[in-house]
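Residue numbering for the sequence shown follows full-length UniProt numbering, beginning at 1 and increasing consecutively.
For glycine and all other residues, C-beta sits at the position ideal for the given N, C-alpha and C.
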Amino acid sequence: MSQLKNKRRDFVKKSILGTVGGVVLAGSNLKAAPATLAKPSDLKLAFAGYTFKNFDLDETIKMIQKVDVNYLCIKDFHLPLESTDAEIAAFHKKLADANIKGYAVGPIYSKTQEALDKAFDYAKRVGVDMIVGIPRIEDLAYLDSKVKEYNIRFAIHNHGPEDKLYPNATVIMGHIKDFDERIGMCFDIGHNMRDGHDPVADIKKYKSRIFDLHLKNVSKAEADGKTVELGRGVIDIPAVVKMLAKTNYTGHLAMEYEKDMEAPMAGIAESVGYYQGIVDTLG
Numbered sequence: 001m002s003q004l005k006n007k008r009r010d011f012v013k014k015s016i017l018g019t020v021g022g023v024v025l026a027g028s029n030l031k032a033a034p035a036t037l038a039k040p041s042d043l044k045l046a047f048a049g050y051t052f053k054n055f056d057l058d059e060t061i062k063m064i065q066k067v068d069v070n071y072l073c074i075k076d077f078h079l080p081l082e083s084t085d086a087e088i089a090a091f092h093k094k095l096a097d098a099n100i101k102g103y104a105v106g107p108i109y110s111k112t113q114e115a116l117d118k119a120f121d122y123a124k125r126v127g128v129d130m131i132v133g134i135p136r137i138e139d140l141a142y143l144d145s146k147v148k149e150y151n152i153r154f155a156i157h158n159h160g161p162e163d164k165l166y167p168n169a170t171v172i173m174g175h176i177k178d179f180d181e182r183i184g185m186c187f188d189i190g191h192n193m194r195d196g197h198d199p200v201a202d203i204k205k206y207k208s209r210i211f212d213l214h215l216k217n218v219s220k221a222e223a224d225g226k227t228v229e230l231g232r233g234v235i236d237i238p239a240v241v242k243m244l245a246k247t248n249y250t251g252h253l254a255m256e257y258e259k260d261m262e263a264p265m266a267g268i269a270e271s272v273g274y275y276q277g278i279v280d281t282l283g
């Protein structure tokens with residue numbers, strides 16, 4: 001597996017100077033990172049659990065192992081909110097045996113205050129310090145009280161132009177800026193781009209409140225843009241990685257691959273290899 005991984009990385013490193021999947025990357029994005037930047041290699045690549053919505057936990061673990069990723073944001077179809085303590089312990093053991101860590105839960109949609117209560121209780125029992133979720137705007141003051149009570153961060157997920165609550169990072173920040181700093185965002189760079197906003201500029205602007213990041217690329221910067229392999233879309237992924245390093249981002253980059261979801265392995269492998277090629281090139 002390591003030999004395959006090295007070949008894939010070598011391919012992508014060479015491709016950064018030419019094309020990947022037919023897309024030319026701008027030369028200005030390929031300069032070595034200035035000495036003032038944190039190391040891109042320190043960034044933590046993960047998977048958003050939604051990537052594997054069509055697969056059970058055992059199948060999910062096998063796919064994650066194939067690309068040597070060690071972190072997973074836990075979705076409730078793999079670990080239901082009603083799970084017992086024994087089921088939670090068994091879940092964590094399966095991940096640990098595969099050298100994978102579940103670092104957060106979600107996204108969880110919370111349409112009532114009672115649903116928020118349940119989400120926080122779930123996160124506490126699972127043993128994570130962050131919930132990725134979508135609360136009602138009218139419940140943000142209540143959410144503020146919950147993050148203080150539990151000392152668990154809550155990262156609000158943006159879902160693009162179709163999302164009437166949180167379409168982009170700027171809207172989220174406008175709603176949360178006066179609340180406890182444990183309320184932040186799970187910044188989906190793809191949906192942000194589809195809503196006409198620059199992911200790189202927004203990482204710089206909102207760095208203190210970005211707790212998690214959904215790493216993906218999209219076919220165009222419009223509402224009907226679709227998820228594509230990481231190196232094939234309109235988002236400048238090398239620039240994203242460099243900005244995350246420059247802002248000393250300490251969260252995870254949760255790859256959310258939503259193309260070919262019945263058989264995603266080829267696209268996942270290409271995307272992870274492309275990302276690792278960028279990291280290896282930037283140093």
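Please state if the CB of residue j and the CB of residue i are separated by a distance shorter than 9 Å.
i           : j    : result
D49         : F77  : Going by the sequence as given, residue 49 is Gly instead of Asp. Yes.
K242        : P40  : yes
G267        : E229 : yes
R182        : K226 : no
K75         : F52  : yes
A155        : V200 : no
I131        : A96  : no
T112        : D139 : yes
residue 286 : L116 : Since the first residue shown for the chain is 1 and the last is 283, residue 286 is missing from the structure and cannot be characterised.
Measure how close the beta-carbons of residue i and residue j come, nearest whole angstrom, since I'm counting them as under 8 Å.
i           : j    : result
residue 370 : P167 : There is simply no residue 370 to check, as the chain begins at 1 and stops at 283 in what is shown.
G106        : C73  : 7 Å
L45         : M255 : 7 Å
K184        : F211 : The sequence shown places Gly at residue 184, not Lys. So it is a contact: roughly 4 Å between Cβ atoms.
K94         : I61  : 7 Å
Y150        : I134 : The Cβ separation is near 18 Å, so there is no contact.
L81         : K118 : 6 Å
residue 284 : I203 : For the chain, the structure presents residues 1 to 283; residue 284 sits outside this window and is missing.
N158        : F187 : 7 Å
Considering just the uninterrupted stretch of the alpha helix (DSSP H) at residue i, what are its terminal residues?
i    : result
I61  : 57-66
L143 : 140-150
L282 : 265-282
I137 : First-last for I137: undefined, no H or E at that position.
Could you tell me the boundaries of the beta strand (DSSP E) in which residue i lies?
i           : result
A46         : 44-48
G184        : 183-188
L213        : 210-215
I203        : Run containing I203: none in the beta strand (DSSP E); it sits in the alpha helix (DSSP H), 199-205.
residue 304 : Limits of the chain in this structure are 1 at one end and 283 at the other, which puts residue 304 out of reach.
Y71         : 71-74
Is residue i buried or exposed, if buried means 16 or more other CB atoms sit within 10 Å of its CB?
i    : result
G196 : exposed
M1   : Residue placement at M1 is poorly supported in this model, since its pLDDT is 47, which falls under 50; the coordinates still yield a value, given next. Answer is exposed; the Cβ neighbour count stays below 16.
Y249 : buried
G190 : buried
With a floor of 4 residues, list each alpha helix (DSSP H) that falls wholly inside the region 87-135, ordered by position along the chain.
-> 113-126
Contained beta strand (DSSP E) runs [length at least 3] in the region 221-262, N- to C-terminal order | 252-255
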